[in-house]
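Numbering (the working numbering), first residue to last: 36 to 497.
Glycine is no exception: its CB is placed at the ideal position from the N, C-alpha and C atoms.
Just so it is clear, the structure is predicted and the values come from calculations on it, not from any experiment.
In what follows, a structure is listed as structure tokens, so that the remarks can point back to it.
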Ligand code: AMP
Ligand code: ZN
């Protein structure tokens with residue numbers, strides 16, 4: 036069955052076919068680790084996870100790369116202001132290196148809690164300085180750069196189709212350049228290498244042919260995608276905000292050095308909003324996954340909530356919607372358990388429903404409809420064994436981890452079930468001390484809890 040994906044380069048749905056037989060290259064712009072990720076950021080990674088799972092369900096081998104931006108992303112996207120990492124260091128009193136480590140770890144925990152498939156390659160900007168310098172040198176050798184007193188800049192006027200991805204109105208931007216552009220020749224020009232300031236000491240800096248300093252934000256993605264996926268690969272993803280600047284600049288860099296626009300497909304996840312405004316890290320007005328967990332929600336309820344809206348439409352977060360998702364998740368788990376208990380394990384996947392499901396996910400990841408197909412299948416006349424097998428098949432994309440979830444038998448008292456659930460949430464947030472405390476509490480009440488490959492099991496203590 037064909038897969039259709041919406042490509043923002045062409046602004047239309049296109050049938051997907053891989054560039055190479057062996058693997059599909061998928062590059063996703065990763066977090067800037069100066070603070071915790073918010074649930075908006077995580078919505079973007081969830082869409083990317085659904086994309087990867089859909090490709091895999093169709094038999095593709097995906098080579099998935101996510102970068103970690105731990106240097107060079109400045110407070111202003113116009114290449115001005117402080118590096119977000121150095122600003123984060125001032126805010127927290129920890130070193131830029133320490134906060135990078137801390138927020139990278141926290142990000143990966145959130146990633147796991149949402150049951151996202153780990154990329155084959157996580158790569159950090161600070162571990163690829165040589166590759167970035169080589170890439171800048173390549174752009175320089177092709178005549179696309181100029182030097183100012185604070186660094187090396189990309190001259191966007193040298194490319195006729197600069198900004199095509201975002202359909203940028205360059206004349207309009209040029210004409211309206213009331214904003215201070217310093218020594219930059221054009222408002223859309225951007226830094227490839229910034230020199231360290233003379234009046235203050237940076238924590239993260241390196242030698243380069245242009246002087247001691249640090250890479251601009253965009254070069255890391257061109258350099259690392261070229262290293263791990265080649266300079267021409269299948270799909271590049273990010274949030275919708277990346278189109279106008281970050282991705283336009285990545286493309287400009289690749290065009291200059293390699294003559295490619297990096298990726299065959301450019302896909303973007305639309306924003307999660309709160310109260311009709313965008314959720315953003317820099318404004319500080321954001322919700323973390325951990326906050327949802329502390330409010331008693333299962334991270335996978337957030338995953339299910341995100342699947343209720345198409346990735347190309349904005350989604351406004353509400354606690355009520357999350358509650359409904361949590362209720363639906365509980366219903367689904369109970370159904371799964373019932374099917375597992377009553378059915379045989381050798382059920383056959385329903386062709387009718389798997390075709391329906393596949394045609395929805397293959398139509399530009401239409402998850403709201405795919406989830407509807409799932410409920411329809413569960414209400415159908417299929418045998419329990421067939422339903423279970425079909426649900427297992429759907430879960431390869433939905434990622435709700437149903438097989439791992441063994442709900443607890445009804446002869447366990449409600450009070451114990453609640454403690455077991457609290458302990459599960461503690462574990463999901465890696466609160467090991469809390470989890471141990473709850474295990475002891477459960478034990479004191481006469482029950483044992485066990486974490487098995489099949490999920491959580493509870494039984495009266497021996
Ligand atoms: P950052 O850590 O700020 O570099 O962003 C990480 C990813 O999250 C990028 O792909 C952004 O485009 C995306 N993103 C930022 N804010 C939101 C939001 N409110 N909703 C969805 N995605 C977002
Ligand atoms: Zn990027």
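Residues that residue i bridges to, as DSSP identifies them
i, result
"residue 226", "188"
"residue 156", "100"
"residue 273", "303"
"residue 491", "486"
"residue 118", "109"
"residue 196", "Paired residue(s): none; residue 196 is not in a bridge."
"residue 321", "Paired residue(s): none; residue 321 is not in a bridge."
"residue 298", "268"
"residue 309", "312 and 352"
"residue 40", "49"
"residue 241", "248"
"residue 89", "For residue 89, which the question treats as bridged, DSSP gives no partner whatsoever."
"residue 398", "39"
"residue 127", "Answer by DSSP bridge pairing: none, since residue 127 is not bridged."
The beta strand (DSSP E) enclosing residue i, as first and last residue numbers
i, result
"residue 252", "Segment: none, residue 252 is in no beta strand (DSSP E) and carries neither H nor E."
"residue 97", "97-103"
"residue 182", "180-183"
"residue 383", "Premise fails: residue 383 is in no beta strand (DSSP E) and is neither H nor E."
"residue 62", "59-63"
"residue 50", "47-50"
"residue 142", "From DSSP, residue 142 is part of no beta strand (DSSP E) but of the alpha helix (DSSP H) over 131-148."
Sequence-distant residues of its chain with Cβ nearer than 7 Å to residue i (five each side left out)
i, result
"residue 57", "96"
"residue 495", "481 and 482"
"residue 112", "280"
"residue 127", "134"
"residue 198", "205, 223 and 283"
"residue 172", "244"
"residue 487", "none"
"residue 161", "105, 106 and 239"
"residue 289", "257, 266, 295, 296 and 297"
"residue 421", "382, 383 and 385"
"residue 85", "400, 402 and 432"
"residue 470", "458, 461 and 462"
"residue 375", "423"
Rounded distance between the beta-carbons of residue j and residue i, thought under 8 Å
i, j, result
"residue 285", "residue 256", "5 Å"
"residue 417", "residue 385", "6 Å"
"residue 327", "residue 363", "With a Cβ gap of about 15 Å, residue 327 and residue 363 do not count as contacting."
"residue 120", "residue 133", "Not quite, the Cβ-Cβ distance comes to about 10 Å (not below 8 Å), so this is no contact."
"residue 247", "residue 231", "5 Å"
"residue 260", "residue 220", "Wrong, their Cβ atoms sit about 27 Å apart, outside the cutoff."
"residue 426", "residue 371", "6 Å"
"residue 238", "residue 317", "Actually they do not touch by this definition, with Cβ atoms about 20 Å apart."
"residue 302", "residue 270", "6 Å"
"residue 88", "residue 149", "With 8 Å as the limit, residue 88 and residue 149 do not qualify as a contact, their Cβ atoms being about 12 Å apart."
"residue 324", "residue 491", "No, residue 324 and residue 491 are not in contact; Cβ-Cβ is about 20 Å, not under 8 Å."
"residue 466", "residue 300", "In fact, because the Cβ distance is near 39 Å, the residues do not count as touching under 8 Å."
"residue 54", "residue 268", "7 Å"
Own chain, CB closer than 8 Å to residue i, minus 5 neighbours either side, in chain order
i, result
"residue 39", "48, 49, 50, 51, 397, 398 and 399"
"residue 156", "98, 99, 100, 101 and 263"
"residue 183", "217, 218 and 219"
"residue 174", "180, 189, 227, 288, 291 and 292"
"residue 454", "473, 476, 477 and 480"
"residue 348", "305"
"residue 93", "36, 38, 393 and 397"
"residue 249", "106, 107, 118, 228, 229, 231, 237, 239, 240 and 241"
Element boundaries [alpha helix (DSSP H), containing residue i]
i, result
"residue 403", "402-414"
"residue 337", "334-341"
"residue 427", "419-433"
"residue 288", "283-293"
"residue 176", "164-176"
"residue 464", "Segment: none, residue 464 is in no alpha helix (DSSP H) and carries neither H nor E."
Neighbourhood of residue i by C-beta, 6 Å cutoff - its chain only, sequence neighbours within 5 removed
i, result
"residue 350", "307 and 344"
"residue 166", "258 and 262"
"residue 392", "405, 408 and 429"
"residue 360", "336, 339 and 340"
"residue 78", "307 and 341"
"residue 241", "164"
"residue 456", "none"
"residue 388", "412 and 425"
Check: residue i C-beta below 8 Å from any heavy atom of ligand 3
i, result
"residue 80", "Among the ligands modelled here, namely ligand 1 and ligand 2, ligand 3 does not occur."
In chain order, what residues place their C-beta within less than 5 Å of a heavy atom belonging to ligand 2? After applying the 5 Å Cβ criterion, the set is 64 and 256.
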